[in-house]
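K.L.:
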């Protein structure tokens with residue numbers, strides 16, 4: 003045992019013991035101590051140190067401390083450490099800590115022991131941060147010291163100090179290059195302990211592990227990859243990891259199955275359209291370059307095609323050597339066998355994205371692409387002029403008289419055990435119930451595809467489906483069904499008329515079809531051959547037609563047909579003809595190319611739609627702003643109309659009311675003066691003023707009820723009728739205005755209906771004011787306190803009883819009544835009577851405004867809605883212009899996938915530039 007080990011274990015005293023001796027160490031050391039004292043210059047240091055050890059081991063800590071207090075030689079630092087150990091055992095932790103910290107030594111072992119003791123002390127005192135520092139110092143000072151790293155790891159794990167635990171594992175893995183420490187790090191990664199650590203922290207460890215063991219490197223890389231996924235550090239991880247791998251030589255000793263799969267999944271996730279290209283452009287080049295370098299055999303073609311596709315869209319991003327290697331790999335690879343399924347998934351993703359953006363490609367378009375997945379039946383497109391016997395040929399194929407010459411829609415005939423017919427348009431898929439409905443649908447819309455599935459023996463036997471298209475005569479190539487389905491068809495049969503086979507117009511159409519779909523095999527059917535009775539002439543015509551066809555279509559075949567020939571033998575010949583057309587072809591590869599064509603078409607359409615959407619927003623904003631101007635103009639016109647109607651109707655009413663007032667002011671005095679006939683010489687002049695006053699009130703009331711109100715009733719009814727006419731003319735004008743606006747909107751959006759209930763209210767008010775008795779309180783006409791009235795009343799009371807005075811009073815009263823000024827009382831009575839008519843007049847403006855309130859509300863609401871639409875569209879336009887990449891980037895990434903699939907499905911061919 004070395005000295006340091008003895009000092010650590012406090013067994014230094016054993017150096018003084020006799021081998022195989024049975025004497026107790028205390029006795030041995032005591033005797034040595036006494037013997038040493040006998041020397042002239044005694045050296046008791048080592049003996050005292052050893053005695054302290056024995057006392058310590060026997061738990062006599064105070065005696066041990068006493069022995070260790072005076073150790074001046076090289077054992078002094080160890081003695082200090084041992085004294086601190088004794089204080090530790092006595093639970094005098096502060097004393098122990100102070101002593102440990104005071105030790106000065108050059109011995110790494112002693113320093114390590116002190117740090118480990120401080121580590122234990124701090125744990126006991128609950129000072130965990132200081133315990134961490136102590137154990138980290140111990141590891142840094144002497145990592146090879148027995149159990150120090152295990153002790154540190156256990157402590158960090160126990161206290162969930164994962165930062166220090168990971169740091170320890172990384173440092174020890176780098177220092178020792180031991181797989182055990184890399185495995186510890188791997189376990190931390192899998193537990194999610196590293197997910198918040200910057201990825202570059204592990205770069206050196208990964209580089210070392212790559213050199214030490216590539217299998218472990220792959221496993222740890224995958225664990226880190228998964229841990230960073232769905233975190234903010236995912237992209238930094240991809241960047242850092244690809245930078246590491248880019249500069250490493252993989253060799254061929256290890257197959258990177260796990261990493262290759264991760265690279266593949268990550269690549270397709272990155273280009274799924276969820277991320278903007280600016281966030282990917284710095285990641286993808288290194289990513290796919292590394293992927294190609296480490297790709298498992300099953301991913302070699304996929305990774306190489308990814309490099310080629312990216313280099314086409316972003317030519318300067320990838321090193322030319324990587325592109326050359328990718329081209330070489332594609333050339334050497336076997337053609338991708340899952341192209342049809344994968345291409346259709348891409349098509350579905352494009353359709354899903356388009357729907358999310360509010361752009362619909364149409365039910366018919368999507369159905370056509372889905373139908374391409376059915377490899378059990380080849381698609382034979384039938385085209386030709388309507389008069390060439392095309393319908394007769396189709397009816398012969400299906401065995402029923404289903405098609406007529408007037409067909410406008412395209413019809414797909416497909417064999418099926420169950421009868422099922424649908425009309426497929428861009429907007430919907432509609433079920434067709436019977437043959438009559440079928441024929442009507444086929445004649446209606448050129449943009450409709452009729453899908454007719456039922457048992458068709460010939461189609462079933464020849465694994466064929468037939469697309470019959472409308473006649474080509476006079477049709478635009480972009481609208482005619484034959485042109486729409488060129489890329490849907492697997493072969494085309496162009497029907498010619500034996501009377502005039504392959505006219506210049508037909509040739510032009512056939513050539514244009516070939517230009518639009520150069521990969522589509524085009525063959526010809528010479529129909530109505532029965533019109534040439536001589537067989538020799540028929541053969542010569544067939545040869546001439548074939549010769550002319552081969553001039554322009556060298557590989558095309560020509561089949562002679564007549565609906566009057568024996569059906570069985572003709573169908574047998576036709577079956578052989580179809581087999582020669584379809585034989586030796588790889589339908590799956592051809593269909594894959596067709597799906598890719600439709601994807602390309604979709605992407606192009608959606609890119610154009612982006613420009614169209616922007617222009618549409620601009621036009622919509624401009625149109626809405628113009629509508630706001632028009633609506634505000636209409637509002638101003640309505641205000642002018644309202645003011646004019648208020649003015650006209652009030653003026654008309656005021657005229658009636660004023661005439662009635664003038665009549666009353668004029669008529670009441672006359673009625674009152676006429677009351678003089680009530681005065682006779684026999685009258686009781688003491689009471690006559692009261693009687694005449696009552697009679698005056700009565701006559702005024704009777705006049706009002708019997709004359710004024712009836713006349714006013716007639717006048718106000720005429721006024722209401724005139725007002726209704728005014729309202730009707732206003733409503734007619736507003737109806738025209740509504741119609742004009744609705745024509746602009748293209749819908750019944752605006753209805754400027756006025757409230758004619760106002761007229762009912764007026765009629766009810768007119769009846770209330772002019773029907774029944776006049777409710778006026780009795781006026782004090784003769785009982786007013788005026789000098790003349792006072793004198794008359796007084797004289798009547800004094801002189802009325804004297805007979806000779808009655809003649810005089812009679813004359814005086816009569817003269818007074820006839821000559822009295824009644825203008826004031828007439829004005830008073832008239833004012834009282836006219837109150838309700840004046841109140842009605844005051845309410846007219848409010849009522850007329852109520853009549854026009856709804857049109858105002860409708861116009862104002864429409865203006866508000868239009869302003870809201872303008873603001874919304876301006877925001878959308880601003881976002882579209884501010885962030886065009888939000889729309890364009892996903893389409894670019896779809897195009898990237900498309901190009902990749904094109905490379906994959908053309909693998910093994912000579913590499914050519916993308917067309």
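Numbering (this note's numbering), first residue to last: 3 to 917. Glycine is no exception: its CB is placed at the ideal position from the N, C-alpha and C atoms.
(1) With DSSP as the reference, please indicate the residues paired to residue 456 in a beta bridge.
(2) Residues in its own chain within less than 6 Å of residue 675 by CB, not counting five upstream and five downstream?
(3) What are the residues that DSSP puts in a beta bridge with residue 432?
(4) Does DSSP put residue 586 in a helix, a strand or coil?
(5) Kindly give me the distance between the Cβ atoms of residue 421 and residue 434, rounded to whole angstroms, as I take these residues to be in contact under 8 Å.
(6) Determine, using beta carbons only, whether residue 484 and residue 383 come nearer to each other than 8 Å.
(7) Considering only the alpha carbon of each residue, which of 142, 810 and 349 lies closest to residue 605?
(8) Residue 105: buried (16+ other C-beta within 10 angstroms of its C-beta) or exposed?
(9) Excluding the 5 residues preceding and the 5 following residue 200 in the sequence, name in chain order all residues of the same chain whose CB lies nearer than 8 Å to its CB.
(10) Pair every Cβ in the region 752-767 with every Cβ in the region 851-863, then say whether three or more of these pairs are closer than 8 Å.
(11) With a threshold of 16 other CB atoms inside 10 Å of the CB of residue 653, please say whether the residue is buried or exposed.
(12) If you run the structure through DSSP and keep just helix, strand and coil, what is residue 570?
(13) Leaving out the 5 sequence neighbours to the left and right, which residues in its chain are closer than 7 Å to residue 548 when beta-carbon positions are compared?
(14) Shortest alpha-carbon distance to residue 747 belongs to which of 637, 864 and 845?
(15) Determine the burial state of residue 203: buried for a count of at least 16 other Cβ atoms within 10 Å of its Cβ, exposed for fewer.
(16) Looking at C-alpha atoms only, which residue of 231, 188, 813 and 694 is the closest neighbour of residue 217?
(17) Return the residue from the list 20, 371, 30 and 77 that minimises the CA-CA distance to residue 47.
(18) May I ask you to report which of helix, strand or coil DSSP gives residue 225?
(19) Which residue comes first and which comes last in the beta strand (DSSP E) that contains residue 545?
(20) In three-state terms, what does DSSP make of residue 282?
(21) Is it buried or exposed, residue 474, if we count other Cβ atoms within 10 angstroms and call 16 or more buried?
(22) Could you check the C-alpha separation between residue 562 and residue 608 for me, to the nearest Å?
(23) Could you check the C-alpha separation between residue 395 and residue 595 for me, to the nearest Å?
(24) Going by DSSP, which residues form a beta bridge with residue 323?
(25) Using beta-carbon positions only, say whether residue 327 and residue 428 come within less than 8 Å of one another.
(26) Return the chain-ordered ranges of every alpha helix (DSSP H) run that is complete within the region 213-277 and spans a minimum of 4 residues.
(27) Return the first residue and the last residue of the beta strand (DSSP E) that residue 499 is part of.
(28) Taking 8 Å as the cut-off, decide whether the C-beta atoms of residue 467 and residue 528 are in contact.
(29) Of all the options 268, 668 and 153, which has the alpha carbon lying nearest to the alpha carbon of residue 167?
(30) On the DSSP letters alone, give me the boundaries of the beta strand (DSSP E) that residue 526 sits inside.
(31) Once you ignore the five residues that flank residue 771 on each side, which residues in its own chain have a CB closer than 6 Å to its CB?
(32) Compute the Euclidean distance between the alpha carbons of residue 251 and residue 362, then round it to the nearest angstrom.
(33) State the Cα-Cα distance for the pair residue 135 and residue 158, rounded to the nearest angstrom.
(34) Is residue 336 near residue 910, with beta carbons less than 8 Å apart?
(35) With a threshold of 8 Å, are at least 3 pairs of Cβ atoms found where one atom belongs to the region 500-518 and the other to the region 533-550?
(36) Is it right to say residue 26 is buried, meaning 16 or more other beta carbons lie within 10 angstroms of its own, or is it exposed?
P.N.:
Concretely, from the data shown:
(1) 417
(2) 820
(3) 425
(4) coil
(5) Actually they do not touch by this definition, with Cβ atoms about 10 Å apart.
(6) yes
(7) Distance from the Cα of residue 605 is smallest, within the candidate group 142, 810 and 349, for 349.
(8) buried
(9) 235 and 238
(10) yes
(11) exposed
(12) helix
(13) 560
(14) 864
(15) exposed
(16) For residue 217, the nearest C-alpha among the options comes from 188.
(17) 77
(18) In this structure, residue 225 counts as helix in the three-state DSSP scheme.
(19) Looking at the DSSP string, residue 545 is not in any beta strand (DSSP E); the run it does join, the alpha helix (DSSP H), is 537-554.
(20) Here residue 282 sits in helix by DSSP.
(21) buried
(22) 44 Å
(23) 29 Å
(24) DSSP lists no partner for residue 323.
(25) no
(26) 216-230, 236-248 and 259-272
(27) 493-499
(28) Between residue 467 and residue 528, the C-beta gap is not smaller than 8 Å, which leaves the two residues out of contact.
(29) 153
(30) 524-529
(31) 838
(32) 49 Å
(33) 12 Å
(34) yes
(35) Taking a cut-off of 8 Å on C-beta distances, the region 500-518 touches the region 533-550, as three or more cross pairs fall below it.
(36) exposed
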